[in-house]
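Peer 1: Take this structure first; my questions come after.
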Amino acid sequence: MTIRLDYTIPLNRNNSIPNPPGYLPPASAKQLSSRNTQPDSDAIIKQNRKSTELKLRRAWDLALSPAKSLPMQAIMLYFSGSGVQIFSLGMIFMLLTGPITAVFNMFRAFESLRPTPTPATTPSSRKSNDSLSTSTSSEPSYGPLVLPMIAYVACQGLVLALGLWKCSTMGILPTGSGDWLHFETRLDVGRIPLSKEH
Numbered sequence: 001m002t003i004r005l006d007y008t009i010p011l012n013r014n015n016s017i018p019n020p021p022g023y024l025p026p027a028s029a030k031q032l033s034s035r036n037t038q039p040d041s042d043a044i045i046k047q048n049r050k051s052t053e054l055k056l057r058r059a060w061d062l063a064l065s066p067a068k069s070l071p072m073q074a075i076m077l078y079f080s081g082s083g084v085q086i087f088s089l090g091m092i093f094m095l096l097t098g099p100i101t102a103v104f105n106m107f108r109a110f111e112s113l114r115p116t117p118t119p120a121t122t123p124s125s126r127k128s129n130d131s132l133s134t135s136t137s138s139e140p141s142y143g144p145l146v147l148p149m150i151a152y153v154a155c156q157g158l159v160l161a162l163g164l165w166k167c168s169t170m171g172i173l174p175t176g177s178g179d180w181l182h183f184e185t186r187l188d189v190g191r192i193p194l195s196k197e198h
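Written out as structure tokens, the structure is:
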């Protein structure tokens with residue numbers, strides 16, 4: 001008695017075994033061509049709106065990220081001590097130069113988060129302006145990102161203020177009157193001629 005294994009796929013569709021999850025049956029050329037049709041303009045507008053909301057949410061996360069790191073930086077500055085040491089000076093240098101470079105590179109940081117404007121076409125003029133609207137697609141602008149960028153600059157200013165406060169507690173900043181004694185001019189009392197009494 002011989003056993004024969006049959007590895008062919010049965011052609012009948014009434015098979016009792018269901019397809020596994022994620023299995024896509026092979027499609028014909030007609031089905032593939034119907035799937036690759038141009039999407040509706042309403043679907044494009046909805047997709048652009050969703051991507052704009054996601055980009056704005058990410059822009060706010062980027063804008064508030066310096067403020068979220070402030071407590072950790074304050075704790076590290078507290079434990080570094082108030083003495084003038086290499087570790088505390090390195091941390092202060094990072095706190096002073098980091099916000100300045102971040103503000104100067106702000107447009108580069110927000111460049112990938114610029115929302116793409118949606119083309120405003122009415123349903124009546126949609127067919128006539130199809131070639132015009134696709135050829136004159138406008139560039140993404142920084143307009144919707146103005147508030148996150150202002151918040152980003154304010155949060156970087158808080159980081160800079162924390163670094164300046166640490167400098168003043170260490171005595172590095174010239175805030176006292178004794179720090180400016182070299183620039184004060186004083187009268188030489190010994191060279192002033194005395195007035196003659198009559």
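Quick note on numbering: the sequence shown equals residues 1 to 198 in UniProt numbering. Where is the CB? At the ideal position from N, CA and C, for every residue including glycine.
1. Report buried or exposed for Val146, applying the criterion of at least 16 other Cβ atoms within 10 angstroms of its Cβ.
2. Where does Leu24 land, buried or exposed, given buried means 16+ other C-beta within 10 angstroms?
3. Taking 9 Å as the cut-off, decide whether the C-beta atoms of Leu64 and Cys155 are in contact.
4. Skipping 5 residues on each side, what residues in its chain have a beta carbon closer than 7 Å to that of Leu70?
5. Here's the rule: buried if 16 or more other CB atoms are within 10 angstroms of the residue's CB, otherwise exposed. What is Ala59?
6. Between which two residues does the alpha helix (DSSP H) carrying Met72 extend?
7. Cα separation between Leu56 and Leu96?
8. May I ask you to report which of helix, strand or coil DSSP gives Met94?
9. Would you report the Cα separation of Thr8 and Asn19, rounded to the nearest angstrom?
10. So the alpha helix (DSSP H) residue 268 belongs to, where does it begin and stop?
11. If we ignore side chains and look at the alpha-carbon of each, how far apart do Asn48 and Pro99 end up?
12. If Phe110 sits next to Tyr142, beta carbons under 8 Å apart, how far is it from one beta carbon to the other, in whole angstroms?
13. Is the distance from the Cβ of Pro140 to the Cβ of Ala102 below 9 Å?
14. Could you tell me the boundaries of the alpha helix (DSSP H) in which Met106 lies?
15. For Met76 and Phe107, what's the separation of their Cα atoms in angstroms?
16. Out of Leu164, Thr169 and Thr185, state which residue places its alpha-carbon closest to the alpha-carbon of Gly81.
Peer 2: Looking at the atomic coordinates:
1. Position 146 of the sequence shown, counted from the start, is the residue given in the question as residue 146. Classification for Val146: exposed.
2. Locating residue 24 in the sequence shown gives position 24, where the first residue counts as 1. With fewer than 16 other Cβ atoms within 10 Å, it is exposed.
3. The residue labelled residue 64 in the question sits at position 64 within the sequence shown. The residue labelled residue 155 in the question sits at position 155 within the sequence shown. Cβ distance < 9 Å, so Leu64 and Cys155 count as in contact.
4. Residue 70 sits at position 70 when you count from the first residue of the sequence shown. Leu158, Val159 and Leu162.
5. Working through the sequence shown from its first residue, we reach residue 59 at position 59. Buried, since its Cβ has 16 or more Cβ neighbours within 10 Å.
6. By one-based count along the sequence shown, residue 72 stands at place 72. Residues Leu70 to Ser80.
7. On the sequence shown, residue 56 is found 56 positions in, with the first residue counted as 1. On the sequence shown, residue 96 is found 96 positions in, with the first residue counted as 1. Their backbone Cα atoms lie some 28 Å apart in a straight line.
8. Along the sequence shown, read from residue 1 onward, the residue named residue 94 stands at position 94. Note: Met94 maps to helix in three-state DSSP.
9. Here the question's residue 8 lines up with position 8 in the sequence shown. Here the question's residue 19 lines up with position 19 in the sequence shown. Using only the alpha carbons, I get a separation of about 16 Å.
10. The displayed coordinates of the chain run from 1 to 198. Any statement about residue 268 would go beyond what the structure contains.
11. Within the sequence shown, the letter at position 48 stands for residue 48. Within the sequence shown, the letter at position 99 stands for residue 99. Taking the straight line joining both Cα atoms gives about 33 Å.
12. Along the sequence shown, read from residue 1 onward, the residue named residue 110 stands at position 110. Along the sequence shown, read from residue 1 onward, the residue named residue 142 stands at position 142. Yes, Phe110 and Tyr142 are in contact; Cβ-Cβ is about 7 Å, under 8 Å.
13. Residue 140 sits at position 140 when you count from the first residue of the sequence shown. Residue 102 sits at position 102 when you count from the first residue of the sequence shown. For Pro140 and Ala102, no; Cβs fall outside 9 Å.
14. For the purposes of this step, residue 106 is taken as residue 106 along the sequence shown, with counting starting at 1. Segment Met106 to Ala109, the alpha helix (DSSP H) holding Met106.
15. Translated into positions along the sequence shown, residue 76 becomes position 76. Translated into positions along the sequence shown, residue 107 becomes position 107. For Met76 and Phe107, the distance between alpha carbons rounds to 29 Å.
16. In the sequence shown, counting from the first residue as 1, residue 81 sits at position 81. For the residues Leu164, Thr169 and Thr185, the minimum Cα distance to Gly81 belongs to Thr169.
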